[in-house]
Amino acid sequence: MKPFKSRKIISHNILAAGLFVFSLMAFRPTEAANNIGEIVEKNIFAEIAKKENPAVVNISTSTKAKEAPHMKKRFREDPFNNSPFQDFFDRFFDPNLNAPRQSLGSGFIIDKEGHIFTNSHVVSNADEIKVTLMNQKEYSADIVGVDPKTDIALIKIKGEGDLPALKLGDSDRVEVGEWVLAIGNPFGLSHTVTVGVVSAKGRTIGSGPYDDYIQTDASINPGNSGGPLINTKGEVIGINTAILAGNTGGNIGIGFALPINMAKQILEDLKTKGSVTRGWLGVLIQKITPEMAASFGLANTEGALVGDVVKDSPAEKAGVRRGDVIVEFDGKKVSSMEELPKLVAATKPGKDAELTTIRDGKRKTFRVVIDKLKDSAETPDVVSKKLGLNVQEITPDLADSLKLDSSEGILVSDVEFGSSAGEAGIRRGDVILEINRKKIKNLAEYEDTLKNAKAGDNILFLIKRGSGTVFIAVTVKG
């Protein structure tokens, strides 16, 4: 998410916590507290907070605002134009104002050289980044690498001498119910410490293709984005990123952190290339419902159903067809649709991988040479990029969290600032029900409907927003 998106992404309020979170340092108690009595006796939380705080940083960014084309249009068509009220609007809502925008966030130092993990939406597009340590020393920071697909960024400061650093843990070993700490700057209250437990793992919240969040009830609020989630060993197990908010925009006991292993996997790419290289298979997939399983003669709903195969892709060359159900990839079981993109993305381009599908009730194995995922790859397709939309299939977990119908449309997970979709009025959190009067039930139908659209075409969307629906026409940019 971008810096301006520290806000509700839907009427049921998932927020990217757009400022900062907690702070900690490389303290590692010899053994974790295993029960409440031991935690109280050792005062483990106070000990961790005291020792880890110096490695957590406050991040402030400044961005020179650019005029948004839709603002010009809005004022040009204002009903008060050429009226006595026009001067009022010109003076107080001048669309040509070029005032800088500022945002706050959090991060944590991961090595003595000054590398810092944070969220990409905290620092992306910033003209200036300032980092402040707990001792109030301030440094200018440079962006080393950004990965918008996971909302992870790596920045760097030049400190004097060795800097305090946090130890990165193993998020695969996290257990539901274990104690965690959050330290940060909610609502500008510096280095606030909150405590909770891991509420769930593997949560999908509609933020992108690699959703895999740790859910916690440790209090996280606007101001916490980019900070660490820490276990009782003093190890970082997650990067705090989003919250499910109440009507006031504050915490209601549901926060989300990116697993630290996801950040560790891309760290070297961010350091050496500034971006992340991912594998690409070239299939459009969808979730298997019980009704689909019955129609395809499947024993269960496990796997990823292939809704379409991209022309000249590795999947097409290997012989994968529409209607195949992918159940294994490179020796790993694919239990759900959400697992396949992560497995493929983590595969090095050029690798010869084994793919197992179910076709007509029989298991079939293919050898596929994984290609490199390009920014303009057809998943999501080029037209969707031109529109400025990122979309997400509505999984049962997501539907439950956002009070949606999982069989109804697809969710808009992001809208690019200044894009044609954004200018037309489509918002993050909208549910796309129809495109050009055609019902859209999954990603495959979305891609198929848009694949022949070209610059200048008008595309009619039927959007569900809150309890109502609205038609929005979007013109494809060149």
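Quick note, the sequence shown lines up with residues 853 to 1330 if you use the working numbering.
Ideal placement from N, C-alpha and C gives every residue a C-beta, glycine not left out.
Asked, Found
"Assigned exposure category for VAL1045 - 16 Cβ within 10 Å defines buried", "buried"
"Reduced DSSP secondary structure (H/G/I, E/B, other) of ILE896", "helix"
"Cβ neighbour criterion (16 or more within 10 Å) applied to PRO1248", "exposed"
"Neighbourhood of ALA1052 by C-beta distance below 7 Å, restricted to the same chain and skipping five residues each side", "VAL1028, GLN1067"
"Beta bridge counterpart(s) of ALA1034 as assigned by DSSP", "THR1046, LEU1081"
"Beta-carbon proximity of ILE1246 to LEU1256, cut-off 8 Å", "yes"
"ASP1204 in three-state terms, based on DSSP", "strand"
"For GLU1286: DSSP bridge partner residues", "LYS1291, LEU1314"
"Three-state secondary structure (DSSP) of ASP1069", "coil"
"First through last residue of the alpha helix (DSSP H) which encompasses ALA1197", "1191-1197"
"Touching by the beta-carbon criterion (3+ pairs, under 8 Å), the stretch 1212-1228 and the stretch 1197-1204", "yes"
"Straight-line gap, PRO1038 to ASN1076 (C-alpha atoms, nearest Å)", "6 Å"
"Nonlocal neighbours in the same chain, by C-beta distance under 6 Å from ASN1310, ignoring five residues either side", "ALA1325, THR1327"
"ILE1082 and VAL1032 closer than 8 Å at C-beta", "yes"
"First through last residue of the alpha helix (DSSP H) which encompasses GLU1120", "1112-1125"
"Start and end residues, alpha helix (DSSP H) containing ALA1325", "First-last for ALA1325: 1320-1327, but that is the beta strand (DSSP E), not the alpha helix (DSSP H)."
"CA nearest to the CA of VAL1047, picked from VAL1026, ASP1069, VAL1322", "ASP1069"
"Contacts around LEU949, its chain only, beta-carbon distance under 6 Å, and the 5 residues preceding and following it disregarded", "Any reading at LEU949 must be qualified, since the residue scores a pLDDT of 46, below 50, and its modelled position is unreliable; the value itself is stated next. Closer than 6 Å at Cβ, skipping near neighbours: no residue."
"Rounded distance between the beta-carbons of ALA907 and LEU1041, thought under 8 Å", "Not really, about 19 Å apart at Cβ, beyond 8 Å."
"Host beta strand (DSSP E) of LYS1214 (start-end)", "1214-1221"
"For ALA1156, the residue or residues it bridges with in DSSP", "ILE1178"
"Meets three-Cβ-pair contact criterion under 8 Å: the stretch 982-996 and the stretch 1006-1015", "yes"
"Distance, LYS1306 Cα to GLY1318 Cα", "30 Å"
"Per DSSP, cross-strand counterpart(s) of PHE969", "PHE960, LEU1006"
"PHE1018, DSSP secondary structure in three states", "Sequence inspection shows Leu at residue 1018; the Phe mentioned does not correspond to that position. Coil."
"The beta strand (DSSP E) enclosing LYS1169, as first and last residue numbers", "Element bounds for LYS1169: not the beta strand (DSSP E) but the alpha helix (DSSP H), 1166-1170."
"Alpha-carbon spacing of GLU1299 relative to ASN1288, whole angstroms", "13 Å"
"Cβ pair count under 8 Å reaching 3, the stretch 1146-1156 against the stretch 1125-1132", "no"
"Alpha-carbon spacing of GLY1079 relative to ILE1035, whole angstroms", "7 Å"
"Cβ-Cβ separation, ASP1160 to ARG1174 (assumed contact under 8 Å), whole Å", "6 Å"
"Own chain, CB closer than 6 Å to ALA1276, minus 5 neighbours either side, in chain order", "ILE1324, VAL1326"
"Enclosing alpha helix (DSSP H) for SER1147 [first to last residue]", "1142-1147"
"Spatial neighbours of GLU1180 in its chain, beta-carbon cut-off 8 Å, leaving aside the 5 residues before and after", "VAL1186, GLU1206, LEU1207, THR1208"
"Inter-residue spacing [alpha-carbon to alpha-carbon] between SER914 and ILE1178", "45 Å"
"Rounded C-alpha distance that separates ILE961 from LYS1216", "47 Å"
"According to DSSP, residues forming a beta bridge with ALA1109", "ILE1066, ASN1092"
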